[in-house]
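The structure under discussion appears below in the form of C-alpha coordinates.
Dropping the structure here:
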(Lines of atoms letter the chains of each structure in order from A; the text may use other names.)
(Lines give C-alpha, C1' and ligand atoms only; values in the text may rest on other atoms or scores of the structure.)
Protein backbone atom coordinates (compact mmCIF):
# COMPACT_ATOMS: atom_id res chain seq x y z
CA UNK A 21 0.00 0.00 0.00
CA UNK A 22 1.06 3.59 -0.47
CA UNK A 23 2.68 5.62 2.30
CA UNK A 24 1.20 9.13 2.12
CA UNK A 25 1.88 11.68 4.84
CA UNK A 26 0.12 15.03 5.03
CA UNK A 27 2.16 18.12 4.14
CA UNK A 28 -0.72 20.54 3.71
CA UNK A 29 0.88 23.16 5.97
CA UNK A 30 4.41 22.63 4.65
CA UNK A 31 6.42 25.77 3.88
CA UNK A 32 8.97 23.93 1.73
CA UNK A 33 8.57 24.86 -1.93
CA UNK A 34 10.51 23.59 -4.91
CA UNK A 35 12.21 26.36 -6.88
CA UNK A 36 11.26 26.81 -10.51
CA UNK A 37 13.77 26.47 -13.33
CA UNK A 38 13.50 27.53 -16.96
CA UNK A 39 14.70 24.61 -19.08
CA UNK A 40 15.90 26.74 -22.00
CA UNK A 41 15.63 30.30 -23.24
CA UNK A 42 12.56 29.39 -25.30
CA UNK A 43 11.61 26.45 -23.09
CA UNK A 44 9.12 25.85 -20.29
CA UNK A 45 9.52 26.69 -16.60
CA UNK A 46 9.41 23.57 -14.42
CA UNK A 47 9.68 22.80 -10.73
CA UNK A 48 13.30 21.86 -10.04
CA UNK A 49 12.09 18.75 -8.23
CA UNK A 50 10.16 16.54 -10.64
CA UNK A 51 7.64 13.87 -9.64
CA UNK A 52 8.94 10.69 -11.25
CA UNK A 53 6.17 8.15 -11.81
CA UNK A 54 7.95 5.23 -13.46
CA UNK A 55 7.13 3.05 -10.43
CA UNK A 56 3.52 4.24 -10.13
CA UNK A 57 1.98 0.89 -11.08
CA UNK A 58 3.96 -0.92 -8.35
CA UNK A 59 2.72 1.42 -5.61
CA UNK A 60 -0.75 -0.17 -5.68
CA UNK A 61 -2.50 3.15 -5.04
CA UNK A 62 -6.23 3.54 -5.43
CA UNK A 63 -7.43 6.39 -7.63
CA UNK A 64 -8.19 8.43 -4.50
CA UNK A 65 -4.67 7.79 -3.17
CA UNK A 66 -3.16 8.86 -6.48
CA UNK A 67 -5.15 12.10 -6.35
CA UNK A 68 -4.00 12.72 -2.77
CA UNK A 69 -0.38 11.99 -3.71
CA UNK A 70 -0.54 14.54 -6.53
CA UNK A 71 -2.01 17.13 -4.18
CA UNK A 72 0.75 16.43 -1.64
CA UNK A 73 3.34 17.04 -4.36
CA UNK A 74 1.67 20.31 -5.31
CA UNK A 75 1.78 21.41 -1.66
CA UNK A 76 5.57 21.16 -1.93
CA UNK A 77 5.68 23.18 -5.13
CA UNK A 78 6.34 20.08 -7.24
CA UNK A 79 4.40 20.86 -10.40
CA UNK A 80 6.21 18.74 -12.98
CA UNK A 81 5.52 15.06 -13.68
CA UNK A 82 7.85 12.65 -15.48
CA UNK A 83 6.27 9.77 -17.39
CA UNK A 84 6.96 7.45 -20.33
CA UNK A 85 4.76 5.39 -22.60
CA UNK A 86 6.39 2.13 -21.47
CA UNK A 87 6.44 2.72 -17.71
CA UNK A 88 4.61 0.11 -15.67
CA UNK A 89 4.35 -2.19 -18.69
CA UNK A 90 2.47 0.54 -20.57
CA UNK A 91 0.14 1.28 -17.62
CA UNK A 92 1.65 4.23 -15.72
CA UNK A 93 0.26 6.92 -18.02
CA UNK A 94 -3.19 5.35 -17.78
CA UNK A 95 -3.04 5.38 -13.97
CA UNK A 96 -2.16 9.07 -14.05
CA UNK A 97 -5.01 9.72 -16.47
CA UNK A 98 -7.46 8.08 -14.09
CA UNK A 99 -6.34 10.47 -11.34
CA UNK A 100 -6.79 13.46 -13.65
CA UNK A 101 -10.28 12.22 -14.58
CA UNK A 102 -11.16 11.89 -10.89
CA UNK A 103 -9.83 15.39 -10.08
CA UNK A 104 -9.89 17.47 -13.31
CA UNK A 105 -8.55 20.57 -11.53
CA UNK A 106 -5.16 18.85 -11.26
CA UNK A 107 -4.53 18.85 -15.02
CA UNK A 108 -3.89 22.58 -15.26
CA UNK A 109 -1.61 22.57 -12.21
CA UNK A 110 0.99 20.17 -13.59
CA UNK A 111 3.45 20.22 -16.46
CA UNK A 112 3.92 16.80 -18.04
CA UNK A 113 7.03 15.21 -19.50
CA UNK A 114 6.69 11.87 -21.26
CA UNK A 115 8.84 9.73 -23.53
CA UNK A 116 8.64 7.53 -26.59
CA UNK A 117 10.94 5.47 -28.79
CA UNK A 118 11.13 2.09 -27.03
CA UNK A 119 8.87 -0.83 -27.89
CA UNK A 120 8.73 -4.28 -26.33
CA UNK A 121 6.37 -7.28 -26.30
CA UNK A 122 3.62 -6.95 -23.72
CA UNK A 123 0.13 -8.22 -23.02
CA UNK A 124 -0.80 -4.54 -23.16
CA UNK A 125 0.64 -4.27 -26.68
CA UNK A 126 -0.29 -7.60 -28.31
CA UNK A 127 0.71 -6.40 -31.80
CA UNK A 128 4.28 -5.70 -30.65
CA UNK A 129 6.49 -8.77 -31.10
CA UNK A 130 10.04 -7.42 -30.78
CA UNK A 131 12.06 -5.33 -28.34
CA UNK A 132 13.30 -2.41 -30.44
CA UNK A 133 14.04 1.29 -30.54
CA UNK A 134 11.76 3.14 -32.93
CA UNK A 135 12.22 6.81 -33.78
CA UNK A 136 10.32 6.73 -37.06
CA UNK A 137 8.03 9.67 -37.77
CA UNK A 138 4.94 7.48 -37.65
CA UNK A 139 5.82 5.89 -34.32
CA UNK A 140 6.72 9.17 -32.60
CA UNK A 141 3.42 10.73 -33.66
CA UNK A 142 1.34 7.65 -32.82
CA UNK A 143 3.04 7.25 -29.44
CA UNK A 144 2.54 10.90 -28.49
CA UNK A 145 -1.12 10.77 -29.46
CA UNK A 146 -1.59 7.57 -27.44
CA UNK A 147 0.06 9.23 -24.44
CA UNK A 148 -2.43 12.09 -24.64
CA UNK A 149 -5.29 9.59 -24.58
CA UNK A 150 -3.71 7.58 -21.77
CA UNK A 151 -3.22 10.61 -19.52
CA UNK A 152 -6.51 12.24 -20.59
CA UNK A 153 -4.80 15.53 -21.44
CA UNK A 154 -4.84 17.73 -24.53
CA UNK A 155 -1.15 18.59 -24.62
CA UNK A 156 2.21 17.36 -23.29
CA UNK A 157 4.72 20.00 -22.21
CA UNK A 158 7.85 18.08 -23.22
CA UNK A 159 8.20 14.88 -25.25
CA UNK A 160 11.54 13.07 -25.00
CA UNK A 161 13.12 10.44 -27.22
CA UNK A 162 13.71 7.82 -24.53
CA UNK A 163 17.02 6.35 -25.71
CA UNK A 164 19.39 6.81 -28.65
CA UNK A 165 18.31 4.83 -31.69
CA UNK A 166 21.14 3.65 -34.00
CA UNK A 167 18.62 3.85 -36.85
CA UNK A 168 17.47 7.38 -36.00
CA UNK A 169 17.15 9.69 -39.00
CA UNK A 170 17.41 13.16 -37.50
CA UNK A 171 15.43 14.91 -40.23
CA UNK A 172 12.58 12.41 -39.85
CA UNK A 173 12.48 12.95 -36.08
CA UNK A 174 12.41 16.71 -36.62
CA UNK A 175 9.47 16.29 -39.01
CA UNK A 176 7.56 14.37 -36.33
CA UNK A 177 8.35 17.02 -33.73
CA UNK A 178 7.20 19.83 -36.02
CA UNK A 179 3.98 17.97 -36.82
CA UNK A 180 3.14 17.47 -33.13
CA UNK A 181 4.06 21.03 -32.22
CA UNK A 182 2.07 22.53 -35.09
CA UNK A 183 -0.94 20.42 -34.10
CA UNK A 184 -0.76 21.81 -30.55
CA UNK A 185 -0.20 18.35 -29.07
CA UNK A 186 3.35 18.81 -27.73
CA UNK A 187 4.90 22.13 -26.71
CA UNK A 188 8.61 21.26 -26.48
CA UNK A 189 10.98 18.39 -27.18
CA UNK A 190 14.08 16.83 -25.73
CA UNK A 191 15.98 13.58 -25.39
CA UNK A 192 16.96 11.10 -22.71
CA UNK A 193 20.23 9.20 -22.28
CA UNK A 194 21.80 10.84 -25.37
CA UNK A 195 25.55 11.38 -25.66
CA UNK A 196 26.76 14.90 -26.47
CA UNK A 197 27.26 13.96 -30.13
CA UNK A 198 23.82 12.38 -30.40
CA UNK A 199 22.25 15.42 -28.76
CA UNK A 200 24.13 17.79 -31.09
CA UNK A 201 22.88 15.94 -34.17
CA UNK A 202 19.20 16.19 -33.29
CA UNK A 203 19.57 19.69 -31.83
CA UNK A 204 20.96 20.80 -35.21
CA UNK A 205 17.62 19.84 -36.78
CA UNK A 206 15.17 20.90 -34.06
CA UNK A 207 15.65 22.91 -30.83
CA UNK A 208 15.80 20.61 -27.80
CA UNK A 209 15.13 21.84 -24.26
CA UNK A 210 16.68 19.08 -22.13
CA UNK A 211 18.65 15.86 -21.97
CA UNK A 212 17.42 13.54 -19.21
CA UNK A 213 20.37 11.47 -18.00
CA UNK A 214 21.43 9.28 -15.11
CA UNK A 215 23.60 11.00 -12.53
CA UNK A 216 24.41 10.44 -8.87
CA UNK A 217 27.37 10.22 -6.53
CA UNK A 218 27.74 6.64 -7.80
CA UNK A 219 27.28 7.42 -11.50
CA UNK A 220 29.14 10.46 -12.82
CA UNK A 221 29.35 9.74 -16.56
CA UNK A 222 27.24 12.77 -17.51
CA UNK A 223 29.58 14.94 -15.45
CA UNK A 224 32.62 13.56 -17.24
CA UNK A 225 31.59 12.84 -20.85
CA UNK A 226 30.79 16.42 -21.85
CA UNK A 227 27.02 16.19 -21.36
CA UNK A 228 26.78 18.90 -18.72
CA UNK A 229 29.35 21.07 -20.51
CA UNK A 230 27.17 20.87 -23.60
CA UNK A 231 24.08 21.79 -21.58
CA UNK A 232 25.82 24.95 -20.38
CA UNK A 233 27.06 25.68 -23.89
CA UNK A 234 23.64 25.51 -25.56
CA UNK A 235 21.76 26.95 -22.58
CA UNK A 236 19.59 24.06 -21.41
CA UNK A 237 19.05 22.35 -18.06
CA UNK A 238 19.39 18.56 -17.77
CA UNK A 239 16.96 16.34 -15.89
CA UNK A 240 18.60 13.71 -13.67
CA UNK A 241 17.21 10.25 -13.03
CA UNK A 242 18.40 7.73 -10.42
CA UNK A 243 19.81 10.57 -8.33
CA UNK A 244 20.25 8.19 -5.38
CA UNK A 245 21.57 5.36 -7.59
CA UNK A 246 18.32 3.46 -7.25
CA UNK A 247 18.77 3.39 -3.47
CA UNK A 248 22.25 1.85 -3.66
CA UNK A 249 23.78 5.09 -2.43
CA UNK A 250 22.06 4.55 0.90
CA UNK A 251 22.50 0.79 1.18
CA UNK A 252 25.22 -0.71 -1.06
CA UNK A 253 27.64 -2.88 0.93
CA UNK A 254 30.66 -2.00 -1.21
CA UNK A 255 33.84 -0.05 -0.50
CA UNK A 256 32.49 2.89 -2.48
CA UNK A 257 29.13 2.72 -0.73
CA UNK A 258 30.71 2.64 2.72
CA UNK A 259 33.04 5.54 1.89
CA UNK A 260 30.18 7.62 0.58
CA UNK A 261 27.86 6.94 3.50
CA UNK A 262 30.55 7.83 6.03
CA UNK A 263 31.19 11.15 4.29
CA UNK A 264 27.49 11.84 3.75
CA UNK A 265 26.73 11.12 7.40
CA UNK A 266 29.50 13.43 8.58
CA UNK A 267 28.33 16.35 6.41
CA UNK A 268 24.67 15.67 7.21
CA UNK A 269 25.38 15.75 10.95
CA UNK A 270 27.24 19.04 10.61
CA UNK A 271 24.38 20.59 8.63
CA UNK A 272 21.56 19.05 10.65
CA UNK A 273 19.88 17.36 7.67
CA UNK A 274 19.52 13.83 6.30
CA UNK A 275 22.05 12.04 4.11
CA UNK A 276 19.48 12.08 1.29
CA UNK A 277 19.36 15.86 1.43
CA UNK A 278 23.17 16.03 1.21
CA UNK A 279 23.34 13.52 -1.67
CA UNK A 280 20.84 15.54 -3.70
CA UNK A 281 22.41 18.87 -2.70
CA UNK A 282 25.66 17.57 -4.21
CA UNK A 283 23.92 17.31 -7.60
CA UNK A 284 22.12 20.62 -7.19
CA UNK A 285 25.50 22.32 -6.57
CA UNK A 286 26.39 21.68 -10.23
CA UNK A 287 26.48 24.92 -12.25
CA UNK A 288 24.29 23.40 -14.95
CA UNK A 289 21.30 23.76 -12.55
CA UNK A 290 19.84 20.26 -12.99
CA UNK A 291 16.29 19.18 -12.29
CA UNK A 292 16.02 16.15 -9.99
CA UNK A 293 13.55 13.31 -10.57
CA UNK A 294 12.13 11.56 -7.53
CA UNK A 295 11.09 7.92 -7.62
CA UNK A 296 9.25 7.30 -4.37
CA UNK A 297 5.64 7.15 -3.20
CA UNK A 298 6.69 8.52 0.20
CA UNK A 299 5.97 12.21 0.69
CA UNK A 300 8.83 12.31 3.21
CA UNK A 301 11.20 11.61 0.31
CA UNK A 302 9.63 14.42 -1.73
CA UNK A 303 10.17 16.70 1.27
CA UNK A 304 13.85 15.73 1.43
CA UNK A 305 14.27 16.44 -2.28
CA UNK A 306 12.75 19.90 -1.91
CA UNK A 307 14.81 20.51 1.24
CA UNK A 308 17.95 19.74 -0.79
CA UNK A 309 17.27 22.80 -2.94
CA UNK A 310 17.77 24.90 0.20
CA UNK A 311 20.94 23.12 1.33
CA UNK A 312 24.24 24.69 0.29
CA UNK A 313 27.42 22.63 0.16
CA UNK A 314 30.81 24.30 0.32
CA UNK A 315 33.41 23.48 -2.32
CA UNK A 316 35.29 21.51 0.33
CA UNK A 317 32.20 19.41 1.14
CA UNK A 318 31.46 18.89 -2.56
CA UNK A 319 34.97 17.64 -3.27
CA UNK A 320 34.99 15.49 -0.12
CA UNK A 321 32.02 13.63 -1.60
CA UNK A 322 33.64 13.41 -5.04
CA UNK A 323 36.73 11.95 -3.35
CA UNK A 324 34.62 9.44 -1.40
CA UNK A 325 32.95 8.31 -4.61
CA UNK A 326 36.15 7.91 -6.61
CA UNK A 327 38.37 6.53 -3.88
CA UNK A 328 41.22 8.84 -4.86
CA UNK A 329 42.10 12.53 -4.65
CA UNK A 330 41.94 15.20 -7.34
CA UNK A 331 45.19 15.93 -9.18
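Numbering (our numbering), first residue to last: 21 to 331. Even glycine gets a Cβ: it sits at the ideal position worked out from N, Cα and C.
Exposed is the label assigned to residue 124, since fewer than 16 other Cβ atoms lie within 10 Å of its Cβ.
Around the beta carbon of residue 138, fewer than 16 other beta carbons sit within 10 angstroms, so the residue counts as exposed. Under the three-state reduction of DSSP output, residue 215 falls in the coil class, being neither helix nor strand.
By DSSP's assignment, residue 45 forms a beta bridge with 38. The C-alpha of residue 242 is placed about 19 Å away from the C-alpha of residue 196.
Counting along the chain, the unbroken alpha helix (DSSP H) around residue 230 starts and ends at 227 to 234. The criterion of a C-beta distance shorter than 8 Å is satisfied by residue 240 and residue 291. Taking C-beta separations shorter than 7 Å and ignoring five residues to either side along the sequence, the partners of residue 248 in its chain run 218 and 257, following chain order. For the pair residue 271 and residue 280, the Cα-to-Cα distance works out to about 14 Å. Secondary structure note for residue 322: it is in no beta strand (DSSP E), and the uninterrupted alpha helix (DSSP H) holding it is 315 to 326. For residue 80, the enclosing beta strand (DSSP E) covers residues 80 to 82.
Linking residue 229 to residue 285 through their CA atoms gives a straight-line distance of about 15 Å. By the criterion of a C-beta distance shorter than 7 Å, residue 91 is surrounded in its chain by 57 and 124, once the five residues flanking it on both sides are discounted. For residue 259, the enclosing alpha helix (DSSP H) begins and ends at 255 to 271. Distance check between residue 176 and each of 199, 144 and 193 places 144 closest, using alpha-carbon atoms only.
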